[in-house]
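Novice: Before I ask anything, let me first share the structure, which is written out below as structure tokens.
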Amino acid sequence: MKNPFIKMATGLYISYFILGMINIIIGSNMKNLSEQLNTSASGISYLVSAIGIGKLVSLFFAGRLSDKLGRKPFVVAASFIYLIFLVGIPLAPNYTLAFIFAICAGIANSFLDAGTYPALIEAFQKKAGSATVLIKAFVSVGAALLPFIMAFFIARDMFYGYTFFLMAAVYLVNGFFLLKVSFPNHKAPMENQGEEQAATVQGQFLSKPKFAQEGLAVILLGFTSTALFMLVQVWLPNFGQEVLGLTQAKAVQLLSYYSIGSLVSVILLAVLLNKVIRPITVMIIYPIIAALSLLALIYIQQPFMTILSTFLIGLSTAGVFQLAMTIITEFFPAKKGTITSYVNIAASSAFIIIPFITGIISKSAGLTAVFLFDVAIAIISIILAVFVSYRYKKVIKVPGN
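Each residue of the sequence shown is one higher than the one before, counting from 1 in UniProt numbering.
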């Protein structure tokens with residue numbers, strides 16, 4: 001029987017396709033925005049912090065309201081709030097206004113997450129991990145395509161803001177589409193999904209989950225997994241120019257290799273998760289690959305290794321945040337909107353803290369130190385994931401064990 005929520009999922013994935021472009025559009029337009037807003041590259045990186053501020057503030061209530069009011073109002077609102085950011089940033093006459101528009105993007109991001117993750121988990125219960133990881137696939141496709149869209153406008157000497165306006169048009173159409181499609185009943189967990197959820201609560205727990213242990217560890221993974229990829233997205237073009245000596249076009253192109261790696265990863269995860277490999281195992285292996293790839297990018301400055309390292313960084317940072325969202329709902333299946341909002345709050349904190357810290361590091365110690373800082377984050381991720389894996393085996397019954 002065909003799942004009745006395919007249209008819903010299509011609209012949600014389209015939203016994240018455009019979000020993939022939004023995630024790198026500020027870093028990709030640092031030069032244009034610096035000139036427009038009369039600020040430095042570090043100042044533009046702080047706009048990413050503004051996105052984090054908006055996301056963090058709104059997540060304190062978005063998750064709870066999503067559990068009470070439903071998922072649709074939030075994903076629809078997100079589409080229209082993104083319009084403020086996408087139309088406003090290219091037309092902003094000063095830095096203060098651009099900062100406010102960036103905060104709006106953060107609010108839209110939190111609304112989108114608060115509605116999307118629970119909706120997909122509720123609509124595709126037996127394949128929740130794959131459904132949420134596919135979010136990252138669409139994010140990666142969007143990020144991979146953005147440099148080509150930018151190149152199209154640059155080659156014709158057109159206003160850089162047309163890229164923003166094109167994305168705004170997609171959100172406008174998709175917002176009306178999502179307004180018309182059906183969503184799962186978030187208040188009826190005891191029909192199709194109820195049997196499965198009840199079985200989980202009654203039969204799959206070996207002991208009661210502890211929020212102060214595995215809950216907090218997964219939330220921290222939400223921070224580190226976000227920090228890993230966003231640091232690269234913000235600073236990779238500048239690193240390519242200043243450290244690797246690439247032209248602006250070649251440096252921005254590194255983001256495409258990174259995004260292709262992300263796309264390959266999530267396709268593999270969508271196919272292999274729970275069949276060949278468990279989500280928690282991925283969360284241990286991926287940060288190890290990320291740490292090694294970052295070190296290779298920094299110290300083996302050869303064209304092929306630069307491309308390969310960038311590809312592997314994209315591969316090893318993709319999907320970890322989405323898996324963290326899925327795993328925390330396994331530990332705490334009640335109130336999915338609320339519990340996933342905690343992971344999102346941690347991720348939002350990364351959007352605020354990481355650009356601020358890396359901005360300071362880049363000024364005082366250079367971009368190589370910024371990427372070494374990312375290696376340290378990867379190591380912390382490994383430690384956290386190992387602990388979550390240990391607690392997972394203690395708390396949840398794993399088939400075959």
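Glycine included, every Cβ here is placed at the ideal spot set by N, Cα and C.
1) Using CA coordinates, which residue listed in 124, 303, 239 is at the minimum distance from residue 3?
2) Hey, out of 55, 100, 29, 185, whose CA is closest to residue 151's CA?
3) Can you name the start and end residues of the alpha helix (DSSP H) that residue 394 belongs to?
4) Within the same chain, show all residues whose beta-carbon is closer than 6 angstroms to that of residue 370, passing over the 5 residues directly before and after it, in chain order.
5) Going by DSSP, which residues form a beta bridge with residue 277?
6) Rank 300, 219, 269, 116 by C-alpha distance to the C-alpha of residue 244 and give the top, closest one.
7) Could you tell me the boundaries of the alpha helix (DSSP H) in which residue 109 lies?
8) In its own chain, which residues sit with a C-beta less than 6 angstroms from the C-beta of residue 338, not counting the 5 before and 5 after it?
9) For residue 205, which of helix, strand or coil comes out of DSSP?
10) I believe residue 139 touches residue 20 by the beta-carbon criterion, under 8 angstroms. Please report the beta-carbon distance rounded to the nearest angstrom.
11) Count the other C-beta atoms from every protein chain shown that fall within 10 angstroms of the C-beta of residue 36, then say buried if there are 16 or more, exposed otherwise.
12) Report buried or exposed for residue 277, applying the criterion of at least 16 other Cβ atoms within 10 angstroms of its Cβ.
13) So, at 6 angstroms on beta carbons, what are the nonlocal neighbours of residue 322 in its own chain, with the 5 sequence-adjacent residues on each side left out?
14) Thinking C-alpha only, which one of 48, 302, 230 is nearest residue 314?
15) Tell me whether residue 300 sits in a helix, a strand or coil according to DSSP, three-state version.
16) Run the CB neighbour count on residue 208, radius 10 Å, all protein chains shown included, and call it buried at 16 or more, exposed below.
17) So the candidates are 173, 111, 280, 105; which of them puts its Cα closest to the Cα of residue 386?
18) Between residue 15 and residue 147, is the Cβ-Cβ spacing less than 7 angstroms?
19) For the region 368 to 383 against the region 73 to 85, are there 3 or more C-beta pairs whose distance is under 8 angstroms?
20) Check whether the region 303 to 313 and the region 173 to 188 are in contact - that is, three or more C-beta pairs closer than 8 angstroms.
Specialist: This is what the structure gives:
1) Walking along the sequence shown from the start, residue 3 turns up at place 3. With distances taken between Cα atoms, residue 3 lies closest to 124.
2) Counting from 1 along the sequence shown, the entry for residue 151 is found at position 151. Nearest option by C-alpha distance: 29.
3) Translated into the one-based positions of the sequence shown, residue 394 becomes position 394. Unbroken alpha helix (DSSP H) run through residue 394: 367 to 395.
4) Position 370 of the sequence shown holds residue 370. Closer than 6 angstroms at Cβ, skipping near neighbours: 235, 358, 361, 362.
5) Walking along the sequence shown from the start, residue 277 turns up at place 277. Per DSSP, 273.
6) The count along the sequence shown starts at 1 and reaches residue 244 at position 244. It is 300 whose Cα lies nearest to the Cα of residue 244.
7) Position 109 of the sequence shown, counted from the first residue, corresponds to residue 109. Where residue 109 is concerned, the enclosing alpha helix (DSSP H) stretches over 95 to 123.
8) Taking the first residue of the sequence shown as position 1, residue 338 is located at position 338. 63, 64, 67.
9) As a working mapping, residue 205 is identified with position 205 in the sequence shown. Of the three classes helix, strand and coil, the one that applies to residue 205 here is strand, per DSSP.
10) Taking the sequence shown and counting its residues from 1, one reaches residue 139 at position 139. Taking the sequence shown and counting its residues from 1, one reaches residue 20 at position 20. Indeed they touch by this definition, with Cβ atoms about 4 angstroms apart.
11) Here residue 36 refers to the residue found at position 36 when the sequence shown is read from its first residue. Residue environment for residue 36: buried (at least 16 other C-beta atoms within 10 angstroms of its C-beta).
12) Sequence index remark: in the sequence shown, residue 277 carries index 277 (1-based). Residue 277 is exposed by the Cβ-count criterion.
13) For the purposes of this step, residue 322 is taken as residue 322 along the sequence shown, with counting starting at 1. Here the set comprises 132, 133, 135, 136.
14) Taking the first residue of the sequence shown as 1, we reach residue 314 at position 314. The option with the nearest alpha carbon to residue 314 is 230.
15) By one-based count along the sequence shown, residue 300 stands at place 300. Three-state DSSP puts residue 300 in coil, outside helix and strand.
16) Numbered from 1 along the sequence shown, position 208 holds the residue referred to as residue 208. Exposed, because fewer than 16 other Cβ atoms sit within 10 Å of the Cβ of residue 208.
17) Sequence index remark: in the sequence shown, residue 386 carries index 386 (1-based). Of the candidates 173, 111, 280, 105, the one whose C-alpha sits nearest the C-alpha of residue 386 is 280.
18) Numbered from its first residue, the sequence shown carries residue 15 at position 15. Numbered from its first residue, the sequence shown carries residue 147 at position 147. No, the pair does not count as a contact, with Cβ atoms beyond the cut-off.
19) Segment contact: the region 368 to 383 against the region 73 to 85, fewer than three CB-CB distances shorter than 8 angstroms; contact not assigned.
20) no
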